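Working notes, beginning with the structure itself.
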Amino acid sequence: MLIDCDACVMRGPGCGDCVVSVVLGMPPEQSSLRVDDEELAALGVLAQSGLVPPLRLVHAVDSVDPRDRTGPQAAAGSA
187 MLIDCDACVM RGPGCGDCVV SVVLGMPPEQ SSLRVDDEEL AALGVLAQSG LVPPLRLVHA
247 VDSVDPRDRT GPQAAAGSA
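The sequence shown begins at 187 in the working numbering and counts up one residue at a time.
Rendered as structure tokens:
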């Protein structure tokens with residue numbers, strides 16, 4: 187997965203509570219990084235355990251209409 191902070195709509199207000207800033211300490215001059223599936227899963231487990239904040243990355247094209255019951259929110263709500 188490519189984490190591109192420049193394309194994230196949460197950039198700014200969401201950075202302080204994002205795992206990238208808290209754990210990875212990405213310097214401001216570096217705007218993207220690669221995380222493989224195993225690393226992403228490990229970060230997810232840490233976030234679910236409350237040890238780190240979750241990844242706050244949201245691309246504009248990732249936005250889902252809240253009325254769409256087939257989007258990520260529907261899947262998260264049914265788990």
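Glycine residues also receive a C-beta, built at the ideal position from the N, C-alpha and C atoms. Since this is a predicted model, take the numbers as computed values, not measurements.
Beta carbon of residue i nearer than 8 angstroms to that of residue j
i: P239; j: V208; result: yes
Exposure label - residue i; buried when at least 16 CB within 10 Å
i: L226; result: exposed
i: V231; result: exposed
i: L229; result: buried
Residue i (DSSP reduced to helix, strand or coil)
i: C204; result: coil
i: A262; result: Model confidence at A262 stands at a pLDDT of 46, short of 50, so the residue's coordinates are unreliable; what they give is reported in the following sentence. Helix at A262.
Assumed close pair residue i, residue j - CB separation to whole angstroms, cut-off 8 angstroms
i: H245; j: C194; result: 7 angstroms
i: R242; j: M187; result: Rounded, the Cβ-Cβ distance is 14 angstroms, inconsistent with contact.
i: D190; j: S218; result: 4 angstroms
Q: Can you check the segment 219–245 for any alpha helix (DSSP H) of at least 4 residues that lies completely inside it and give the ranges in chain order?
A: 223–234
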